[in-house]
Each structure stands twice: as structure tokens, then as C-alpha cells.
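Contents: one structure, followed by commentary.
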Ligand code: ADE
Ligand code: ZN
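Residue numbers (the numbering used here): 255 to 573.
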């Protein structure tokens, strides 16, 4: 669906399509433990978040050079543009690359080569958000932020992702305080698999401006009331929720009820190469299966720009 929209919940490593994974493996002299792209696609049957993350971290080993990162981002931006994305705030996972021996600069510069001219090339403005892996230590997150200091002109904000349960937001209080002092914007995954309390903690302890997923807020009416009152954006990813089994089927997704409750929801793609669809595909899915009206779809698109980190004048131009 080509309704103009902003993509606010997108892990660039999750846009690695099987075809590009094989191409990069060949380019870098690596052998994937899959015979071909069909066999790799067969592995995309997930039980939960962790079973997905295992494959996600395994496959990103094909990214070795600046050019690999540039190609990954360029392919994504081209697909996004074709689906009506006018602005993309793109997550990347520095620790998932530095732990494999890549320099942080290789990843940032490579991504930036694509993001830097995305507006003229694809008609998509961009921002870059570095995420800390919550199943790594707080010290590792702090060291990552320190290592990112030379690149802060290219990085708009920080996020928190990876295995959620057992890794509450408060573990990262200090790194978020430091990030805020450096002028970085703050978001965090919360309430994807983790309990509603993690959403409250992300707001109160980390000071996040948006909550990524936030789906499990529906279990706590007082929290819903607060999120409505404070107009906290929730970046929902319906196809991801189905593939990672946080909802049984798309028809069971609480998005319509969440909109009816007055929550500021937005719809995004998370890891589109793995979950069966980019931003427009997610819009199509909620329109088709959840029967959202055109007015609701326009509300979702409008919310995506309002919840973005664009300045007001940029926002109006992007819409
Ligand atoms: N990293 C990539 N995709 C993720 C997701 N859906 N949840 C948490 N961490 C992630
Ligand atoms: Zn995510």
C-alpha cells in the first residue's frame, strides 16, 4: 500500500533477504549452512522471539565490509520507497557486529553511504538509531555508546532490543542517562514478550519518547490510560507479532481495540525479510484481515509522522 508513511520500527539487519545473504556469503568467501534460498526460507518458522534471534544473529555474519552494509541499506530503501515509506528511522545493532570483529565505523560508514543520499536517490529521508542488546551487560552498552562518540553526527538516538524477558529496562538506566546528556533521542522495545511493567519502566527509568511494540500494555488498563493521556507512541509490528507468536493469528491482533481505546499506535515491519512483509505489506495486512477503515489507516500513517524524530517543517514535507 502506497499511503505515505514513516517507518519507525525497522532493524536493518532484519531486511537481509535470502538472495542478498547468499550473494554476500559468496562475495566474502563464506559458506552458509543452507543449500539455497528456498532451504533458508524454510528455516523461517519461529516459536518465539529467541528462536528468531538465533537465526537473525547467525545470518548477519555475511556482513563483513562497508560495501555489504551499504548494499543492505540500499536494497531496503528501494523496497521501502516502493511501499510508500517517505521517512525511515532505522535501527542497527552495533554489538552484534563488533562481537564478530567488525569495527563500529565500518558499519556506521557503510550504512551512511546509503542513508546519506537516500533522499535524492529514493525519496526517503532517514535517521539512524543504535540499539543496545539487552541480553548483554550494561557495561557493554556503555562501552558501545563510548565507541559511538566519533559517529554521533550520524546517530539520532538509542534503542534497546534483543531477548526481552529477564532483561528489564532499568538495567540500562545509566547508559540512557548518558545518551540523553549527549543529546540523543531515546526509544526502547518493551512489552513485546515482556510484561506491562517493562513499559512503565522504559518510560519512567529510561525516559523513552516512543515504546517499540508495547503490545502487552493491553493487559493493564491503568497503563493504557496513562499511555493515552501522555500520547505515547507505540510502534506496533503486526506481521512480526504473528510470526513470533505473540498473537495467535493476525485476526486476534489487538490493534483495532488499541485504536478504539485512543492509543497512539503506528504500524511497522520490524524484520521484514523474516516476517513476510515491509511497511506497506503490514498496512495491507491490517486493512485486509482486521478490516480497518480508510480513516483508521490514514490515522496510522499520520501518527507515524507525528511520532517520528523529524522536525516540524521536515515532517510536513515528508507527508
Ligand atoms: N531484534 C530484531 N528484531 C527484534 C525484535 N522483534 N524484538 C527484539 N529484538 C529484536
Ligand atoms: Zn523490533
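By construction, the Cβ of each residue, glycine as well, lies at the ideal position given by its N, Cα and C atoms.
query	result
What do you reckon, are the CB atoms on residue 520 and residue 487 nearer than 8 Å?	yes
In the DSSP output, what is residue 520 paired with across the bridge?	489
Our contact map puts residue 460 next to residue 426 with C-beta atoms below 8 Å; I'd like the distance itself, whole angstroms only.	6 Å
Given that a residue counts as buried once 16 or more other Cβ atoms are within 10 Å of its Cβ, and exposed if not, what is residue 261?	buried
May I have the straight-line CA-CA distance separating residue 466 from residue 418, to the nearest angstrom?	12 Å
Where does residue 341 fall in DSSP's three states?	strand
Can you tell which of 482, 507, 341 and 281 has its C-alpha closest to the C-alpha of residue 545?	507
Count the C-beta pairs between the stretch 491-505 and the stretch 524-542 that are closer than 8 Å, then say yes if the count reaches three, no if not.	yes
Ignore the nearest five residues each way along the sequence and tell me which others in residue 563's own chain have a CB closer than 7 Å to its CB.	343, 381, 410, 411 and 439
Pick out whichever of 416, 441 and 360 has its Cα sitting closest to the Cα of residue 401.	360
Flag residue 494 as yes when its Cβ comes closer than 7 Å to any non-hydrogen atom of ligand 1, and as no otherwise.	yes
Count the other C-beta atoms from every protein chain shown that fall within 10 angstroms of the C-beta of residue 423, then say buried if there are 16 or more, exposed otherwise.	buried
Return helix, strand or coil for residue 573, following the three-state DSSP convention.	coil
Between the Cα of residue 374 and those of 516, 340, 347 and 414, spot the shortest distance and give me the residue it belongs to.	340
Helix or strand or just coil, what does DSSP make of residue 563?	coil
So, with DSSP's three-state summary, where would you put residue 266?	helix
Give me the Cα-Cα distance between residue 523 and residue 283, rounded to the nearest whole angstrom.	31 Å
With DSSP run on the structure shown, which of helix, strand or coil describes residue 325?	helix
Say the cut is 7 Å; is the CB of residue 524 nearer than that to a heavy atom of ligand 2?	yes
Check for me: the alpha helix (DSSP H) holding residue 300 runs from which residue to which?	Residue 300 -> no alpha helix (DSSP H), and no H or E assigned at all.
So, is residue 513 buried or exposed, given that buried needs 16 or more other C-beta atoms within 10 angstroms?	buried
Tell me where the beta strand (DSSP E) around residue 413 begins and ends.	411-415
Could I get the ranges of all uninterrupted beta strand (DSSP E) runs contained in the stretch 505-557, with 3 residues as the minimum, in chain order?	518-521
So residue 515 packs on residue 478, CB below 8 Å; how close in whole Å?	6 Å
With C-beta atoms as the reference, is residue 444 less than 8 Å away from residue 468?	yes
My parser needs the alpha helix (DSSP H) runs of 4 or more residues fully inside the stretch 385-449; what are they?	392-401 and 427-435
Whole-angstrom Cβ separation of residue 327 and residue 368, contact assumed at under 8 Å?	3 Å
Leaving out five residues on either side along the sequence, give the residues of the same chain with a beta carbon under 8 Å from the beta carbon of residue 557.	487, 518, 519 and 520
Just to check my reading of the structure: residue 273 and residue 291 have Cβ atoms closer than 8 Å, yes? What is that Cβ distance to the nearest angstrom?	6 Å
Considering only the alpha carbon of each residue, which of 470, 309 and 572 lies closest to residue 447?	470
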